[in-house]
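Working notes, structure below.
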Amino acid sequence: MVRTKSRLLLLELVWKDERIDTAVNEVTILNAIRQSLVANFGDHGLGLALGTMQIKYFNPVTNLCIVRSSREQYRQVWGAITLINTINHRTVLFRLHKGSGHQAAVQIMLRRSWTLPLSDAVQGVDLIIGWRR
């Protein structure tokens with residue numbers, strides 16, 4: 001049995017206008033990453049990264065996103081993500097909170113980030129529902 005080694009990147013999307021946009025979802029973020037990979041690393045870079053890259057989690061309320069990539073290509077994916085500045089004609093900045101090879105470490109960091117002022121805004125809402133294994 002062959003086990004693929006992957007890295008998980010916990011990212012926060014910081015919008016310039018600070019509005020919540022429900023039109024942004026996993027697909028739009030993945031398309032923005034793909035476009036950035038093509039623009040900055042070419043078709044070859046895109047082909048290398050697309051094999052294992054996927055969005056594991058995204059919450060439009062907290063603007064937190066988890067991106068999975070292969071261990072060999074995660075720096076390239078991370079570089080492409082930092083070069084993204086617009087999604088759906090809105091200015092955005094990606095902030096990396098944690099990069100890890102273990103899902104549990106990223107989930108702990110994800111839960112810690114929810115204990116901030118957001119807990120007052122969305123009381124009683126289970127934010128981990130969107131997590132897919």
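Sequence positions in the sequence shown follow full-length UniProt numbering and run 1 to 133.
All C-beta atoms in this analysis are idealised placements derived from N, C-alpha and C, irrespective of residue type, glycine included.
Quantities reported herein were computed from a predicted structural model and do not represent experimental measurements.
Practice task
Under the assumption that ARG111 contacts VAL14 (Cβ atoms under 8 Å), give the Cβ distance between them as a whole number of angstroms.
Solution key: For the purposes of this step, residue 111 is taken as the residue at position 111 of the sequence shown. For the purposes of this step, residue 14 is taken as the residue at position 14 of the sequence shown. With a beta-carbon spacing of about 20 Å, ARG111 and VAL14 fall beyond the 8 Å limit used to define contacts.
Exercise for the section: For the region 5-21 and the region 37-46, state whether three or more C-beta atom pairs, one from each stretch, are separated by less than 8 Å. Expected result: Contact fails: fewer than three Cβ-Cβ distances are below 8 Å.
Problem - DSSP state of ASN40 mapped onto helix, strand, coil - result: As a working mapping, residue 40 is identified with position 40 in the sequence shown. Of the three classes helix, strand and coil, the one that applies to ASN40 here is helix, per DSSP.
Exercise for the section: Please state whether DSSP places VAL77 in a helix, a strand or coil. Expected result: Within the sequence shown, residue 77 is the residue found at index 77, counting from 1. The three-state secondary structure of VAL77, taken from DSSP, is helix.
Practice task
Answer yes or no: do GLY51 and GLN73 have a C-beta to C-beta separation smaller than 9 Å?
Solution key: Counted from its first residue, the sequence shown places residue 51 at position 51. Counted from its first residue, the sequence shown places residue 73 at position 73. Contact flag set, yes.
Practice task
Consult DSSP for ARG68 and reduce its assignment to one of helix, strand or coil.
Solution key: Indexing the sequence shown from 1 puts residue 68 at position 68. Strand at ARG68.
Handout entry: Short Cβ contact (9 Å threshold) for LEU30 with ILE66
Key = Looking up residue 30 in the sequence shown gives position 30. Looking up residue 66 in the sequence shown gives position 66. Contact check for LEU30 against ILE66 fails: the beta carbons are separated by 9 Å or more.
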